[in-house]
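Trainee: The structure that follows is given in the form of structure tokens.
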Amino acid sequence: VEDVTDVEAIERVLTARVQTYSSSRDFRYSYFRLEVERAGEELLPVRPKDIILVQDCSASMSEQRLYFCREGLRRSLAHIRPSDRFNIARFADHTETCFDGWVTKTPETIAKAMAYIDGMKAQGYTDLFASMQDLLSLECESTRPVIAFVITDGLANKGLTDNSEIIGEFSRRNAGKISVFTMGASQLANRYLIDLLSYCNKGYVNVISKGRWDIPDSAEAVMRGISRPVLGDLRLQFATDSSCEVYPRQVSNLYLDRPLVLYGRCRKGEEKLVFQAMGQAGDVPCDLIFDLPLNTLDSRSSDKTIRQQWAQQKIYHLIGEYARTRDAEVLAELRGMSKSYKEPIPYKRSLF
106 VEDVTDVEAI ERVLTARVQT YSSSRDFRYS YFRLEVERAG EELLPVRPKD
156 IILVQDCSAS MSEQRLYFCR EGLRRSLAHI RPSDRFNIAR FADHTETCFD
206 GWVTKTPETI AKAMAYIDGM KAQGYTDLFA SMQDLLSLEC ESTRPVIAFV
256 ITDGLANKGL TDNSEIIGEF SRRNAGKISV FTMGASQLAN RYLIDLLSYC
306 NKGYVNVISK GRWDIPDSAE AVMRGISRPV LGDLRLQFAT DSSCEVYPRQ
356 VSNLYLDRPL VLYGRCRKGE EKLVFQAMGQ AGDVPCDLIF DLPLNTLDSR
406 SSDKTIRQQW AQQKIYHLIG EYARTRDAEV LAELRGMSKS YKEPIPYKRS
456 LF
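Each position in the sequence shown, counted from 1, maps to that position plus 105 in the numbering used here.
This is the structure we're talking about:
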């Protein structure tokens, strides 16, 4: 009798490539950059997603800044696909949503969303943790990636205000269910809070670098990058007998317009990188074993930033671990990493 399985091999739809870097100054380790992306346009279709646009409307945002945020939200609506479901939320000391639940994109729902955006005003305190916690009540389906795009200055001044506690507690409760992408709407934004909220929850941060007039373009750029997910609930599991140490540990969904990039370290002389990639393509679970050589001429690179990028990724991982655990041993390891690799610890004042 022929075996039947509902797990589909994805060697035809995913590709992986690796670049390695080795230095005579580092006697123990080599380093690598791993990229995973879709193999071809017709092989892994774009998946429907659920996305909520979350706008900080507290007084610290100011009406002048919120004016440009509203324009960014309007532009963001254009990047919601017909098969997606969406909602819009605003928060200050409590959270309100435009719709009672997820809705599809129709002329009627877009008109209501536009009116809701137009009615946003900057007032009240900022209870960021309570507002982020409200996201956890969103309905989630295993076949649809759930994404939150949060525009804020990150200046929490009501409820739970300790940055590390907000990051750690929300990340524990979320457990990777919702991918959180943040945009800092001010050069003075609380970068530690919004950066680590994204890093620990399968997203990334974008902070405007010039002035508030850059907010609409920045918001649109974020939406463009996440508008087309092709593989959700992506997990990479590396061989247990390997010396490889790869970051980030919690990987994001795979997006058509944003290749997945990871950095790793392994003992010198390690011959290959073996890992299992698992994900969800719609209602079809996918699974594949990759076996990539690490010491070929094609894979070798002179790019020494690979080593430093690995160190930076591990430092971020340790910062996230410390936010969740407040473990003194994690803090000691973080300091040791910074010293060994001569990489500064970001957000040091927020940690120590």
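Heads up, the beta-carbon is just placed ideally off N, CA and C, and yes, glycines get one too. The model shown is predicted, which means the values in this text are computed figures rather than measured ones.
#1: What is the residue span of the beta strand (DSSP E) that Ile283 lies within?
#2: Mind checking Trp415: buried by the 16 CB within 10 Å criterion, or exposed?
#3: With distances taken Cα to Cα, identify the nearest neighbour of Arg190 among Asp232, Thr200, Ser128 and Asp205.
#4: Buried or exposed: which applies to Lys453, given that a residue is buried once 16 or more other Cβ atoms fall within 10 Å of its Cβ?
#5: Please look up how many angstroms separate the CB atoms of Ala386 and Leu241, rounded, as I've assumed it's under 8 Å.
#6: Apart from the five residues on each side of it in sequence, which residues of its chain come closer than 7 Å, Cβ to Cβ, to Arg405?
#7: Output the distance between the C-alpha atoms of Ser127 and Ala382, rounded to the nearest integer angstrom.
#8: Identify the continuous alpha helix (DSSP H) that holds Tyr230 and give its terminal residues.
#9: Taking the beta strand (DSSP E) that Cys391 belongs to, which residues open and close that run?
#10: Tell me where the beta strand (DSSP E) around Tyr134 begins and ends.
#11: Could you give the DSSP three-state label for Lys453: helix, strand or coil?
#12: Measure the C-alpha to C-alpha separation of Ile115 and Ala326 and round it to an integer number of angstroms.
#13: Where DSSP assigns a beta bridge to Asp155, which residues make up the other side?
#14: Along the chain, where does the beta strand (DSSP E) containing Cys174 start, and where does it finish?
#15: Measuring only from the beta carbon, is Asn279 closer than 7 Å to any heavy atom that is part of the ligand NAP?
#16: Just to confirm the assignment, what range does the alpha helix (DSSP H) spanning Val327 have?
#17: How about Ala227 and Cys203: do their beta carbons lie closer than 8 Å?
Mentor: Per the coordinate set shown:
#1: Careful: Ile283 lies outside any beta strand (DSSP E) and carries neither H nor E.
#2: buried
#3: Asp205
#4: exposed
#5: Between Leu241 and Ala386 the Cβ distance is about 25 Å, and since that is not below 8 Å, they are no contact.
#6: Thr125
#7: 26 Å
#8: Unbroken run through Tyr230: none, as it is neither H nor E.
#9: Val389 to Pro398
#10: Tyr134 to Arg143
#11: Lys453 falls in the helix class under three-state DSSP.
#12: Note that Ile115 has pLDDT 49, beneath the 50 cutoff, so the model's placement of it is unreliable and the number below is only indicative. Between the alpha carbons of Ile115 and Ala326 lies a gap of roughly 29 Å.
#13: Looking at the DSSP assignment, Asp155 forms a beta bridge with Arg190 and Val251.
#14: Cys174 -> not in any beta strand (DSSP E); alpha helix (DSSP H) instead, spanning Glu168 to Leu182.
#15: Within the structure as shown, the ligand NAP is missing, as the structure has no ligands at all.
#16: Start and end: Ile320 to Ile331.
#17: no
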